[in-house]
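Number of protein chains: 2
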Amino acid sequence: MSSRLPAMVQTLRDRGIRLTAERRSILAGVLTCGGHFDVDRLLSHFRHQGVQVSRATVYRSLNTLVEVGLLRKIDLGDRPSLYEPIEGREHHEHMICVRCGEIIEFVEPEIERLQQEVCRRSGFEPLDHTLQIYGVCHACNCKDAAEECSDPARAGAGG
Amino acid sequence: MSSRLPAMVQTLRDRGIRLTAERRSILAGVLTCGGHFDVDRLLSHFRHQGVQVSRATVYRSLNTLVEVGLLRKIDLGDRPSLYEPIEGREHHEHMICVRCGEIIEFVEPEIERLQQEVCRRSGFEPLDHTLQIYGVCHACNCKDAAEECSDPARAGAGG
DNA sequence: GCTCCAGTTGAGACAGTATCTCAATTTAGA
DNA sequence: TCTAAATTGAGATACTGTCTCAACTGGAGC
Ligand SMILES: [Zn+2]
Ligand SMILES: [Zn+2]
Ligand SMILES: [Zn+2]
Ligand SMILES: [Zn+2]
Numbered sequence: 036m037s038s039r040l041p042a043m044v045q046t047l048r049d050r051g052i053r054l055t056a057e058r059r060s061i062l063a064g065v066l067t068c069g070g071h072f073d074v075d076r077l078l079s080h081f082r083h084q085g086v087q088v089s090r091a092t093v094y095r096s097l098n099t100l101v102e103v104g105l106l107r108k109i110d111l112g113d114r115p116s117l118y119e120p121i122e123g124r125e126h127h128e129h130m131i132c133v134r135c136g137e138i139i140e141f142v143e144p145e146i147e148r149l150q151q152e153v154c155r156r157s158g159f160e161p162l163d164h165t166l167q168i169y170g171v172c173h174a175c176n177c178k179d180a181a182e183e184c185s186d187p188a189r190a191g192a193g194g
Numbered sequence: 036m037s038s039r040l041p042a043m044v045q046t047l048r049d050r051g052i053r054l055t056a057e058r059r060s061i062l063a064g065v066l067t068c069g070g071h072f073d074v075d076r077l078l079s080h081f082r083h084q085g086v087q088v089s090r091a092t093v094y095r096s097l098n099t100l101v102e103v104g105l106l107r108k109i110d111l112g113d114r115p116s117l118y119e120p121i122e123g124r125e126h127h128e129h130m131i132c133v134r135c136g137e138i139i140e141f142v143e144p145e146i147e148r149l150q151q152e153v154c155r156r157s158g159f160e161p162l163d164h165t166l167q168i169y170g171v172c173h174a175c176n177c178k179d180a181a182e183e184c185s186d187p188a189r190a191g192a193g194g
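Read top to bottom, the protein sequences are chains Z and E. Just so you know, we're using our numbering here: the first sequence kicks off at 36 and counts up by one. Just so you know, we're using our numbering here: the second sequence kicks off at 36 and counts up by one.
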């Protein structure tokens, strides 16, 4: 896991970005949290570890990491944004369960290609895109079905 | 344009939603603004027209119109959400120019189908999705090119 | 038209995410 | 070590959007 830290440190060095204690903590925290995390998750991680990093610095550093291409920001609109490490990961999009918050990644090169194609047709130069599918994950669907079976009186109330 | 107003009014009636003066103003404003508008645009439209509708009511009514299916909300994350009338319009997605704010719509059924396919494979029940492509529109790209030509000294500074 | 009340409104408080300010501190290079 | 410039932290601030609650009103019923 943390074997990626030196590479990330080097990336910052190469960009002339100073390696403060806070940024080291944040790099480590990012790798520890992994997956998809938000600012609060990172901050509570720091609190548990007794690491001192202010909220402002966390926001600033995450923005910096996004800028240098180490992190990807997933903008969810109303909810707090999520972040995920990019290094060595294939470009993917997300399905987000509105019940349990589960995040499922998917890769669909044909969708990516079609987006390029659409842009080409319009003379539009794409820089970034967001594709999120909101819905109910398999587990939550199964749970719903089980509850309806054990409580038939409510079986019709969900629609 | 405003010929759609009676139909929208009827939709509210059918749902038992009261037709207040404010809601009439908002329906009219929605049709006047048309295209893709945000809350501020609607509010300034009302100011210009001397129409009194509070911010809270605008937010509330827009949410209501989304709920009854007359309006679609486009969640842009950091920016204020956009709204667009749905009636009679084909489902589409948006390209958004980060320079001039221009919004270009596109329809790509194959992308929609692939999303369904991806969900099916994961046992994920899709309820909603967002697909926005951010980039530079054709007009802005041309403008950039023209400026580089007339100001060759800066030709290399953009990358 | 009049009455009545549940639904609606408005002003401003409030919630939540994220950025900004600026004095104090720290990094990194000479 | 010394210094300039970058960075940090605490709190203010910006901004979108929702909530509170007293006052108001649409529209059904008479
Ligand atoms: Zn779920
Ligand atoms: Zn992901
Ligand atoms: Zn443009
Ligand atoms: Zn549109």
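Virtual Cβ for every residue (Gly too), placed ideally from N, Cα, C.
Classify T55(Z) as helix, strand or coil using the three-state DSSP reduction.
Residue state, collapsed to three classes: coil.
With a threshold of 8 Å between beta-carbons, can H129(E) be considered close to chain Z, or not?
Output row for H129(E): interface = no.
Look up L62(E) in the DSSP assignment and say whether it is helix, strand or coil.
Helix, per DSSP.
Cβ neighbours of C154(Z) in the same chain (closer than 8 Å, five flanking residues each side left out):
These residues qualify, in order along the chain: E160 and P161.
Closer than 8 Å is the cut-off here; do at least three beta carbon pairs connect the region 113 to 126 of chain Z with the region 36 to 52 of chain Z?
Yes, since at least three Cβ pairs between the region 113 to 126 of chain Z and the region 36 to 52 of chain Z fall closer than 8 Å, the two stretches touch.
Could you check how far apart the C-beta atoms of C177(Z) and I139(Z) are, in whole angstroms? I think they sit under 8 Å.
Actually they are not in contact, since the Cβ atoms of C177(Z) and I139(Z) sit about 15 Å apart, beyond 8 Å.
For T165(Z), the residue or residues it bridges with in DSSP
Answer is Q167(E), bridged to T165(Z).
Taking the CB atoms as reference points, tell me whether L166(Z) and L166(E) lie closer together than 8 Å.
Cβ distance < 8 Å, so L166(Z) and L166(E) count as in contact.
Would you kindly work out how many angstroms separate the C-alpha atoms of T55(E) and V142(E), rounded to a whole number?
When rounded, the distance between both Cα atoms is 36 Å.
Considering only residues of the region 79 to 124 of chain E, which uninterrupted alpha helix (DSSP H) runs meet the minimum length of 4 residues and lie entirely inside it, listed in chain order?
Whole alpha helix (DSSP H) segments, 4+ residues: 90 to 102.
H129(E) - partner residues in DSSP beta bridges
Beta bridge pairing from DSSP links H129(E) with E140(E) and Q167(E).
Closest Cβ-Cβ distance between V101(Z) and chain E: below 8 Å?
False, the Cβ-Cβ gap to chain E never drops below 8 Å.
Taking G158(Z) as the query, report the chain E residues whose CB atoms sit under 8 Å from its CB, ordered along the chain.
Identification of chain E residues near G158(Z) by a Cβ-Cβ cut-off of 8 Å yields C172, H173 and N176, ordered along the chain.
Amino acids of chain Z, ordered along the chain, whose beta-carbon sits closer than 8 Å to that of C154(E)
By Cβ distance, chain Z contributes M130, I168 and G170.
Please tell me whether Q150(E) has its Cβ less than 8 Å away from any Cβ of chain Z.
Contact of Q150(E) with chain Z is assigned, a C-beta pair being separated by under 8 Å.
Could you check which residue in D110(E), Q84(E), M130(E) and Y94(E) has the C-alpha nearest to that of H164(E)?
Distances from the alpha-carbon of H164(E) to those of D110(E), Q84(E), M130(E) and Y94(E) put D110(E) closest.
Beta-carbon gap between F59(Z) and S96(Z) smaller than 8 Å
Sequence inspection shows Arg at residue 59(Z); the Phe mentioned does not correspond to that position. By the CB criterion at 8 Å, R59(Z) and S96(Z) fall outside the cutoff.
Could you name the residues of the same chain whose beta carbon sits closer than 8 Å to that of R76(E), not counting the 5 residues immediately before and after it, in chain order?
Only residues of its own chain outside the window of five on either side were considered, and among them C68 have a CB closer than 8 Å to the CB of R76(E), listed in chain order.
Residues of chain E with CB closer than 8 Å to the CB of G112(Z), please, in chain order.
Neighbourhood of G112(Z) in chain E, by CB distance below 8 Å: D110, L111, G112, S116 and T165, in chain order.
One or two residues paired with E160(Z) in a DSSP bridge
Answer by DSSP bridge pairing, in chain order: V171(E).
Between which two residues does the alpha helix (DSSP H) harbouring R50(Z) extend?
That residue, R50(Z), is in no alpha helix (DSSP H); it is neither H nor E in DSSP.
Is the shortest distance between the beta-carbon of P120(E) and the beta-carbons of chain Z less than 8 Å?
So no, P120(E) is outside the interface.
Just to confirm, does R134(E) get its C-beta within under 7 Å of one of the non-hydrogen atoms of ligand 3?
For R134(E), the shortest separation between its Cβ and any heavy atom of ligand 3 lies below 7 Å.
Cβ closer than 7 Å: which chain E residues qualify as neighbours of I139(Z)?
Simply S157 and F159.
Given that a residue counts as buried once 16 or more other Cβ atoms are within 10 Å of its Cβ, and exposed if not, what is E102(Z)?
By the 10 Å Cβ count, E102(Z) comes out exposed.
Does the distance from the C-beta atom of C175(E) to that of C135(E) stay below 8 Å?
Contact: yes.
With distances taken between CB atoms, is the gap from L78(Z) to V93(Z) smaller than 8 Å?
Cβ atoms of L78(Z) and V93(Z): closer than 8 Å.
Counting only C-beta atoms, is L162(Z) closer than 8 Å to chain E at any point?
So, interface residue.
Going by the C-beta, is E174(Z) closer than 7 Å to any heavy atom of ligand 1?
Looking at the sequence provided, one finds Ala at residue 174(Z) rather than Glu. Within the cutoff, so yes.
What residues come near ligand 4, if near means a beta carbon less than 5 Å from any of its heavy atoms?
A residue is listed when its beta-carbon falls short of 5 Å from at least one non-hydrogen atom of ligand 4; in chain order these are E119(E) and E140(E).
Check whether V133(Z) and G85(Z) have beta carbons under 8 Å apart
For V133(Z) and G85(Z), no; Cβs fall outside 8 Å.
Should H80(Z) be counted as a contact of ligand 2 given a C-beta to heavy atom distance under 7 Å?
Answer for H80(Z): no, Cβ out of range of ligand 2.
Status (buried if at least 16 other CB within 10 Å, exposed otherwise) for G64(E):
With 16 or more other Cβ atoms within 10 Å, it is buried.
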